[in-house]
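In structure tokens:
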């Protein structure tokens with residue numbers, strides 16, 4: 001595997017200056033447009049600042065103390081967890097199953113593989129308006145069919161207080177599962193066929209082939225997919241915002257990112273809003289660290 | 001290695017070249033930015049014409065009109081103000097205007113009012129954004145929210161237009177129509193859109209003789225008129241379509257136009273266009289879609305409505321504030337203003353008495369056809385029975401925190417809590433506590 | 001037993017595949033169908049599956065009455081430039097991270113990945129203030145920069161994995177043969193990394209094309225709005241009609257899907273050959 005050691009070392013070390021130069025633009029962009037704003041948000045979170053009034057007052061951790069006593073915060077945190085956990089779990093289950101199906105050989109496979117990825121490729125606003133139209137309780141196709149096929153006696157009001165979280169989760173799973181399908185499918189394609197051959201020779205059943213050959217191979221990709229999807233769903237803003245916006249019932253899906261946005265832009269409390277955002281990030285960090293602690297070790301083996 | 005560096009340099013150069021191309025904001029002219037909320041294409045077109053005419057007169061000025069979605073305006077303004085870069089002028093709710101004026105962000109526009117003629121401005125509109133004797137905004141046009149009902153359907157059932165909350169519930173029940181176990185027509189349609197729920201709460205509370213704040217500025221959400229209102233919402237909830245809290249304003253209007261609802265509590269003149277487009281042509285007229293006074297609550301005396309009229313605000317710190325006022329003077333000139341009003345004739349009603357008398361203004365097919373709708377709104381205006389959202393008495397305009405109260409959605413949450421089954425007193429107390437916290441934090445209320 | 005299981009399995013696979021394709025495509029077909037209906041038919045009940053009197057009226061109105069075309073051009077320009085910038089910066093960075101050793105390289109790579117955890121909602125407000133200070137608020141530039149910086153962490157990570165999977169020996173062989181580094185890169189690394197670069201480009205393009213919140217806050221002018229924000233404004237405008245909205249939805253979706261279809265093969269291949277190997 002390794003090339004001649006002398007040449008390799010010389011080759012790698014020769015350009016360390018060029019190496020730094022190569023990564024520099026990326027570092028500058030990230031530092032300037034992500035890290036700096038984040039640092040500013042942290043600074044803001046220690047202040048009582050009206051969103052547009054120019055003065056600010058340093059108040060230390062008071063924002064955080066107030067958050068701890070804020071009922072709305074705990075509600076929104078809970079909703080965020082329900083949303084993130086619900087959608088991630090469903091995406092994973094549906095996504096892996098779909099990828100396994102698409103890994104089989106059948107006629108038209110290429111076309112179906114492409115079609116299945118559609119929902120992930122369309123803009124969120126389109127996904128939202130299409131589903132809001134499909135699920136419209138008066139003119140929507142879904143309710144019409146449900147009633148006509150006798151699956152529901154009355155039209156289900158998908159965006160009502162009782163159903164809005166369910167419909168949001170369903171819609172999000174529709175929109176984001178293709179990411180899981182894509183990732184898992186890509187990995188499936190790289191599993192050496194010999195492994196299956198060997199298992200088959202050993203007389204393993206389809207299930208045990210999946211259990212003992214496929215699944216271990218997927219572990220690494222699932223590790224990353226769960227992490228990414230979990231983070232993305234927990235911080236998801238546009239889908240949730242556009243789904244609930246324009247309805248009082250939107251309150252039932254007021255997740256943490258939405259609440260942070262509202263504090264900043266509708267309560268006009270930039271400091272409090274930033275504190276929520278910072279807290280959100282801190283929680284993600286902790287969750288990620290715990291996640292790595294729990295699952296990472298075995299990944300390094302693969 | 002040198003080649004490597006050259007490639008990188010090339011990339012850097014490409015970026016450097018692209019940057020100025022992308023950032024073409026080159027401006028020798030005085031750029032006046034105006035934000036407004038009239039997004040309808042025909043209105044935007046007329047505004048652009050007016051801008052073009054103005055720029056011909058003032059070659060040194062370039063006016064940039066930006067149409068913003070209603071719900072996004074406040075957020076956008078917030079962000080712009082936070083960055084210290086507001087547009088020259090913008091539409092805003094009356095309470096936004098009051099809030100900004102109280103914070104010293106606005107340039108008084110007495111000169112603009114002067115040019116319109118102080119006496120010429122209709123009395124009911126003079127208070128839209130006036131503080132300490134100074135005008136901080138002039139409405140671009142005005143509309144009152146109206147109660148719409150299907151006259152033919154009420155007549156079929158032998159019903160009179162409802163006058164009180166009780167009668168509204170009864171009528172809604174009586175007008176509901178079923179077929180094969182399915183509701184084919186709801187008696188009443190009401191929106192659950194947060195902004196409009198704020199408006200409803202204000203309107204209904206006022207019609208029930210209630211108030212949101214005491215003279216010291218402390219919230220009074222636990223008082224009897226509010227509790228009665230929340231009880232009323234519970235009763236409404238029982239007769240409204242089950243998903244009403246998720247219905248946007250347009251959904252309620254679509255329901256009305258399509259015959260899926262017989263009454264809409266909260267409608268605006270703009271909706272006549274909707275009726276003409278979607279309702280069967282033979283009934284798309286004010287004889288079928290009639291307007292009447294809004295209902296009155298058990299503790300109230302007078303039918304009231306909300307005024308939808310965003311004042312033009314001019315920002316003090318904007319570079320070309322004076323040029324913006326120049327443009328606004330031009331905008332309100334009858335020949336321009338009438339063109340503007342006619343883009344949405346039943347919703348954009350004039351601010352000035354002279355415009356009402358202007359034959360050019362009244363000579364409009366839509367205004368002639370929908371006369372009852374215009375008259376209804378005029379009656380409210382003339383009798384000074386309309387107030388901006390969350391304003392009970394004009395004095396409330398001095399409370400600069402109504403904007404925060406509305407934005408927080410606390411009142412909407414209160415209504416939702418109530419219809420979800422929380423006892424009214426408890427829902428009100430919860431909201432009371434949240435509003436108090438909000439005001440303490442904003443420094444308007446001592447703990 | 002075995003003979004029976006085989007056709008059953010095949011039937012299951014075909015049914016499942018059909019179901020998968022249907023759930024993905026039918027909502028979009030419903031959008032298409034609605035976009036072809038005249039206003040009154042949109043609200044017909046029961047709904048008509050296919051338009052009784054198909055018309056392109058909604059599409060014409062979209063161009064005649066709204067600034068749709070402007071939004072469209074903006075989206076194309078901004079997304080395209082974002083991809084170029086991200087790829088230039090990202091590929092250079094990923095190449096550096098995999099081919100050179102310099103102090104702090106590994107922590108830096110990890111730190112960059114960490115920034116992916118910052119939600120847009122957390123960044124966009126301070127970013128607005130920063131953009132204001134730089135005088136680039138309300139320009140296409142600020143959109144391109146913010147998208148690029150936001151896409152970079154993940155793009156870098158993806159690209160790094162791709163570049164890492166390209167055996168060093170090939171480059172070294174080229175170097176031994178006397179080729180300069182640039183030629184080694186162009187002739188050896190680029191062709192091998194291409195699937196990865198394409199996959200990453202698509203990811204970047206999708207993010208830029210689909211973004212809502214950055215545009216919503218960083219841009220005010222109608223003439224600078226991108227499609228998602230422009231369409232959202234249409235959607236919440238005072239008089240809205242589903243036919244028009246669905247027509248707009250169609251026209252945003254088609255280019256995104258066409259672009260995706262064209263490179264779809266590379267996407268799956270690229271994603272697999274290193275993107276998410278952990």
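Residue numbers (our numbering), protein chains in the order written: chain A, 1 to 302; chain B, 1 to 447; chain C, 1 to 278. Ideal Cβ placement from N, Cα and C applies to all residues, glycine included.
Asked	Found
Residue 406(B) beta carbon less than 8 Å from that of residue 198(B)	yes
DSSP three-state assignment for residue 128(C), whether helix, strand or coil	helix
Buried or exposed by the 16-neighbour rule on C-beta atoms within 10 Å, applied to residue 40(B)	buried
Buried/exposed call for residue 130(A), threshold 16 Cβ in 10 Å	buried
CA nearest to the CA of residue 35(B), picked from 265(B), 444(B), 440(B) and 77(B)	77(B)
Chain C contact for residue 243(B) (CB, 8 Å cutoff)	no
Cross-chain neighbours of residue 57(C) in chain B, by beta carbon under 7 Å	Per Cβ cutoff of 7 Å: no residues; residue 57(C) is ~12 Å from chain B at best.
Complete runs of the alpha helix (DSSP H) confined to the stretch 22-100 of chain A [at least 4 residues]	36-45 and 62-68
Beta strand (DSSP E) segment containing residue 147(B), residue limits	146-150
contact_flag[the stretch 262-269 of chain B, the stretch 147-161 of chain B] where n(CB pairs < 8 Å) is 3 or more	yes
Cβ of residue 104(A) within 8 Å of any chain C Cβ	yes
Cβ contact (3+ pairs, closer than 8 Å) linking the stretch 53-71 of chain A and the stretch 125-140 of chain A	no
Short Cβ contact (8 Å threshold) for residue 133(A) with residue 157(C)	no
Within 8 Å, strictly: CB atoms of residue 145(C) and residue 28(A)	no
Between the CA atoms of residue 249(C) and residue 303(A) - distance to the nearest angstrom	Here chain A has residues from 1 to 302 only, and residue 303(A) is not among them.
Residue 210(C) classed as buried or exposed, judged by whether at least 16 other C-beta atoms fall within 10 angstroms	buried
Nearest candidate by alpha-carbon position, reference residue 167(A), set 87(A), 210(A) and 188(A)	87(A)
Completely contained alpha helix (DSSP H) runs for the stretch 192-240 of chain C, where each covers 4 or more residues	213-218 and 227-236
For residue 217(A), the first and last residue of its enclosing alpha helix (DSSP H)	215-234
Residue span of the beta strand (DSSP E) that contains residue 292(B), given as start and end	289-292
Segment contact flag, the stretch 247-264 of chain A with the stretch 411-431 of chain B, C-beta cutoff 8 Å, min 3 pairs	yes
Close Cβ partners of residue 185(C) (< 6 Å) along its chain, the five nearest in sequence each way excluded	none
Supposed close pair residue 25(A), residue 17(C) - CB separation, criterion 8 Å	With 8 Å as the limit, residue 25(A) and residue 17(C) do not qualify as a contact, their Cβ atoms being about 44 Å apart.
Close-in-space but distant-in-sequence residues of the same chain around residue 136(C) (CB under 8 Å, 5 per side omitted)	142 and 145
Beta-carbon proximity check, residue 125(A) vs residue 212(C), cutoff 8 Å	yes
Neighbour-count burial assignment, residue 26(B), 16 or more Cβ in a 10 Å radius	Bear in mind that a pLDDT of 46 at residue 26(B), under 50, signals an unreliable position, so the number given afterwards is only what the model happens to contain. Looking at its Cβ environment, which holds fewer than 16 other Cβ atoms inside 10 Å, residue 26(B) is exposed.
Same chain only: Cβ atoms within 6 Å of residue 371(B), ignoring 5 sequence neighbours per side	none
Option nearest residue 92(B) by Cα separation, candidates 129(B), 357(B) and 367(B)	129(B)
Proximity test, Cβ basis, 8 Å: residue 253(C) and chain B	no
Sequence-distant residues of the same chain with beta carbon closer than 8 Å to residue 261(A), five excluded per side	237, 241 and 273
Outcome for residue 96(C) when other beta-carbon atoms lying within 10 angstroms are tallied against a minimum of 16	buried
N-terminal and C-terminal residue of the beta strand (DSSP E) that residue 53(B) is part of	Here residue 53(B) belongs to no beta strand (DSSP E); instead the alpha helix (DSSP H) covers 41-57.
Interface flag, residue 16(A) vs chain E, CB-CB below 8 Å	Within the model displayed, chain E is absent; protein chains A, B and C are what it includes.
Closer than 7 Å at the beta carbon, the chain A residues around residue 408(B)	266 and 267
Residue 194(B) at chain A interface by Cβ criterion, 8 Å	yes
Closest residue to residue 461(B) among 229(B), 360(B) and 327(B) (Cα-Cα distance)	Beyond the ends of chain B as shown, which are 1 and 447, falls residue 461(B); an answer cannot be given.
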